[in-house]
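Student:
There are 2 protein chains.
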Amino acid sequence: MSEQRERKCLVVVWPHDAHTVDAVFRTLREGWVSLLLVGQRESMPLPADWEEYADRIAFEYATDAVDAARLAVKAVREGRAQAMMKALINTDVLLRAILNKEEGILQKGRVMSHVAVMEIPALGRLLLMSDAAVLPYPTEEQRAAQIGYLAAMCRKFEIAQPRIAMLHCTEFAGEKFPHTLTYAPLIERSKAGEWGNILLDGPLDLRCTLDKEALDIKGINSPLEGKADALIFPDIEGANAFYKTMPLFAGAEIAGVLQGPDCPVVLSSRGDSELTKYYSIAVALA
Amino acid sequence: MSEQRERKCLVVVWPHDAHTVDAVFRTLREGWVSLLLVGQRESMPLPADWEEYADRIAFEYATDAVDAARLAVKAVREGRAQAMMKALINTDVLLRAILNKEEGILQKGRVMSHVAVMEIPALGRLLLMSDAAVLPYPTEEQRAAQIGYLAAMCRKFEIAQPRIAMLHCTEFAGEKFPHTLTYAPLIERSKAGEWGNILLDGPLDLRCTLDKEALDIKGINSPLEGKADALIFPDIEGANAFYKTMPLFAGAEIAGVLQGPDCPVVLSSRGDSELTKYYSIAVALA
Numbered sequence: 006m007s008e009q010r011e012r013k014c015l016v017v018v019w020p021h022d023a024h025t026v027d028a029v030f031r032t033l034r035e036g037w038v039s040l041l042l043v044g045q046r047e048s049m050p051l052p053a054d055w056e057e058y059a060d061r062i063a064f065e066y067a068t069d070a071v072d073a074a075r076l077a078v079k080a081v082r083e084g085r086a087q088a089m090m091k092a093l094i095n096t097d098v099l100l101r102a103i104l105n106k107e108e109g110i111l112q113k114g115r116v117m118s119h120v121a122v123m124e125i126p127a128l129g130r131l132l133l134m135s136d137a138a139v140l141p142y143p144t145e146e147q148r149a150a151q152i153g154y155l156a157a158m159c160r161k162f163e164i165a166q167p168r169i170a171m172l173h174c175t176e177f178a179g180e181k182f183p184h185t186l187t188y189a190p191l192i193e194r195s196k197a198g199e200w201g202n203i204l205l206d207g208p209l210d211l212r213c214t215l216d217k218e219a220l221d222i223k224g225i226n227s228p229l230e231g232k233a234d235a236l237i238f239p240d241i242e243g244a245n246a247f248y249k250t251m252p253l254f255a256g257a258e259i260a261g262v263l264q265g266p267d268c269p270v271v272l273s274s275r276g277d278s279e280l281t282k283y284y285s286i287a288v289a290l291a
Numbered sequence: 006m007s008e009q010r011e012r013k014c015l016v017v018v019w020p021h022d023a024h025t026v027d028a029v030f031r032t033l034r035e036g037w038v039s040l041l042l043v044g045q046r047e048s049m050p051l052p053a054d055w056e057e058y059a060d061r062i063a064f065e066y067a068t069d070a071v072d073a074a075r076l077a078v079k080a081v082r083e084g085r086a087q088a089m090m091k092a093l094i095n096t097d098v099l100l101r102a103i104l105n106k107e108e109g110i111l112q113k114g115r116v117m118s119h120v121a122v123m124e125i126p127a128l129g130r131l132l133l134m135s136d137a138a139v140l141p142y143p144t145e146e147q148r149a150a151q152i153g154y155l156a157a158m159c160r161k162f163e164i165a166q167p168r169i170a171m172l173h174c175t176e177f178a179g180e181k182f183p184h185t186l187t188y189a190p191l192i193e194r195s196k197a198g199e200w201g202n203i204l205l206d207g208p209l210d211l212r213c214t215l216d217k218e219a220l221d222i223k224g225i226n227s228p229l230e231g232k233a234d235a236l237i238f239p240d241i242e243g244a245n246a247f248y249k250t251m252p253l254f255a256g257a258e259i260a261g262v263l264q265g266p267d268c269p270v271v272l273s274s275r276g277d278s279e280l281t282k283y284y285s286i287a288v289a290l291a
């Protein structure tokens, strides 16, 4: 983080679990953020040294988690927070507040989608993916939004020409696999410059997107050259399995953030490590 | 392999690539099999020592790969081979011969499905999965067949009470996710004893099927206790991505075999290592 950059405010919704509070205080101590903690101060598991940072912490009282969600969304609407993090609150409850037609923070016409960033030891570089959590079976327009979010996130990580793969089990689009029918029109739109300087290809299987040798053995010609920066999964089932697999079996560290609302939202879950939550905040603030 | 067991014959369809020939000769040298090689002997990349094993090798001449597929299927029908392996032939071509209504080897009413067996270093035991290659969006009856194949394969690996998980991104079945609607009826059928002594559960996400701690954190009560032996993926997109991911990023060794036809069929692909092909033969012969 550059010292020059303005410090952003992270609003934390119902911070009543230690994992989340530990993660947000880590970013606070490192000087990245100020905090708006929406809940009940006396029962928050604050660290012993919290008062040292009191000038960068604001508290807002909420009667319960539902109320906290409403107040956090309001803070974003009023420009008092630039990123949001879910703590001990059910995802559905938070999403209802975000999506609320009158008081929510998803503008009309915006697509809400989940982006994850992974550090995979066997790959040796970052890999982005979408969508493990929100869009079940993306339409062409929803995929178009996914491509936009992934391209923007890649650029934040200083990837000048993001390589984005639309996955499938096959490299042949067709009626048998309805998801693949949206891929060709999106590649045309990409070539027409809709997302700036990116390389988009698909359908390709996961191996051909990330393993040049497999691509060559199959004799497939792909502009991604087996070096995808970001993967778009055909559906939520596949994306979610991949998202859960990588930390479990491939030693991956993973950060996830919701795109589309007026500010990025961290939706880490109860099972996530403090490190995952910490990385997710970093991505939300990037 | 027990010395007592009768040696099976593996029919190899158009063995004109070195990877496949090397793998089948490895099993031959180890005494597991006899071979029926269907193709053109003079252009097969046979190893230098092949004549040492001539008494366990039969050749059958085929004019081309299509002809080889037809002849290999015929050998199985006539009881001359108990397992089949695809070599330098397109999967679709081989499947057409297997599925041929008059001369094929898929009996009416049988479901054809792919089963893979993985050795995952971070898991420390075998994990079976279905279906990364054949059934796109399984119906209830197709899933029932998958369960049967996985249970049988688990038992071959001496798992007395196979734990089989039906995956999804959520633990809540519902209309929003059509795949999940088949899960509850299948669990009922399992409880009624349809597949003998197995434990079947779902929908569960991948983490909750393989990580007891994640299961506990989520507060979910599952008879699998986070120790699934076999995973049934909701659809081919997810299964295929997982199947491709594990060797690439998790150091997994993987073997795959087609179930349903009159004999198991190894459908390894051009990009597979010799070791993968070798393991797949072992599974087909198990």
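In order, the protein sequences belong to chains A and B.
First residue of the first sequence? That's 6 in our numbering, and the numbers climb one at a time after it.
First residue of the second sequence? That's 6 in our numbering, and the numbers climb one at a time after it.
Ideal Cβ placement from N, Cα and C applies to all residues, glycine included.
Since we're looking at a predicted model, the values are computed, not measured.
Quick one: grab the DSSP three-state call for residue 135 of chain B.
Tutor: Strand, per DSSP.
Student: Using the beta-carbon of each residue, which ones in chain B are nearer than 7 Å to residue 30 of chain A?
Tutor: What residue 30 of chain A touches in chain B: nothing, since even the nearest Cβ is about 21 Å away.
Student: Pick out whichever of A:79, A:58, A:57 and A:55 has its Cα sitting closest to the Cα of residue 65 of chain A.
Tutor: Among A:79, A:58, A:57 and A:55, the Cα nearest to that of residue 65 of chain A is on A:79.
Student: Within its chain, find whatever has a CB closer than 7 Å to the CB of residue 7 of chain B; leave out the 5 residues flanking it on each side and keep chain order.
Tutor: Confidence at residue 7 of chain B is low in this model, with a pLDDT of 43, below 50, so its placement is unreliable and the value that follows should be read with caution. The answer is none, since no qualifying residue turns up.
Student: Quick check: what's the CA-CA separation for residue 9 of chain B versus residue 215 of chain B?
Tutor: In this predicted model, residue 9 of chain B has a pLDDT of only 46, less than 50, meaning its place in the structure is not dependable enough to derive any value.
Student: Where in the segment 177-226 of chain A do unbroken runs of the beta strand (DSSP E), each at least 3 residues long, occur, reported from the N-terminal end onward?
Tutor: Qualifying beta strand (DSSP E) stretches, in chain order: 204-209.
Student: Please tell me whether residue 72 of chain A has its Cβ less than 9 Å away from any Cβ of chain B.
Tutor: No, because no Cβ of chain B sits closer than 9 Å to the Cβ of residue 72 of chain A.
Student: Go through its chain and collect everything with a Cβ distance to residue 257 of chain A's Cβ below 7 Å, but skip five positions before and after it.
Tutor: The residues are 123, 124, 125 and 251.
Student: Looking at C-alpha atoms only, which residue of B:42, B:109, B:81 and B:104 is the closest neighbour of residue 93 of chain B?
Tutor: Answer by Cα proximity: B:42.
Student: Comparing alpha-carbon positions, which option in B:47, B:84, B:12 and B:20 lies nearest residue 268 of chain B?
Tutor: If we check each option's Cα against that of residue 268 of chain B, B:84 comes out closest.
Student: Could you work out which residues of chain A lie near residue 211 of chain B, taking near to mean beta carbons separated by less than 7 Å?
Tutor: Residues of chain A passing the Cβ test: 246, 249 and 250.
Student: Taking Cβ to Cβ, would you say residue 152 of chain A is nearer than 9 Å to residue 191 of chain A?
Tutor: Closer than 9 Å, so yes.
Student: Tell me, please, whether the segment 182-197 of chain A touches the segment 214-230 of chain A by the rule of three or more beta-carbon pairs shorter than 8 Å.
Tutor: No, the segment 182-197 of chain A does not touch the segment 214-230 of chain A.
Student: Would you say residue 207 of chain A lies against chain B (beta-carbon separation less than 9 Å)?
Tutor: No - not a single Cβ of chain B is within 9 Å of the one on residue 207 of chain A.
Student: Note down, in chain order, every chain A residue with its Cβ under 9 Å from the Cβ of residue 64 of chain B.
Tutor: Simply none; closest approach about 27 Å.
Student: Looking at the secondary structure, which residues open and close the alpha helix (DSSP H) in which residue 152 of chain B lies?
Tutor: Per DSSP, residue 152 of chain B belongs to the alpha helix (DSSP H) from 145-161.
Student: What residues in the segment 75-107 of chain A bring their beta carbon closer than 7 Å to a beta carbon of chain B?
Tutor: Those residues of the segment 75-107 of chain A that come within reach of chain B (Cβ to Cβ, closer than 7 Å) do not exist; the list is empty.
Student: Check the Cβ-Cβ distances between residue 223 of chain B and every residue of chain A, and say whether any is below 9 Å.
Tutor: Yes, because at least one Cβ of chain A sits closer than 9 Å to the Cβ of residue 223 of chain B.
Student: So, is the C-beta of residue 242 of chain A closer than 9 Å to a C-beta in chain B?
Tutor: Yes, contact with chain B.
Student: Between residue 184 of chain B and chain A, is the shortest Cβ-Cβ distance under 9 Å, so that the two count as touching?
Tutor: Interface residue, yes.
Student: Count the CB pairs spanning the segment 278-286 of chain B and the segment 260-267 of chain B that are closer than 8 Å, and state whether there are at least three.
Tutor: Taking 8 Å as the limit for Cβ pairs, the verdict is that the segment 260-267 of chain B does touch the segment 278-286 of chain B.
Student: Where does residue 13 of chain A fall in DSSP's three states?
Tutor: Residue 13 of chain A falls in the strand class under three-state DSSP.
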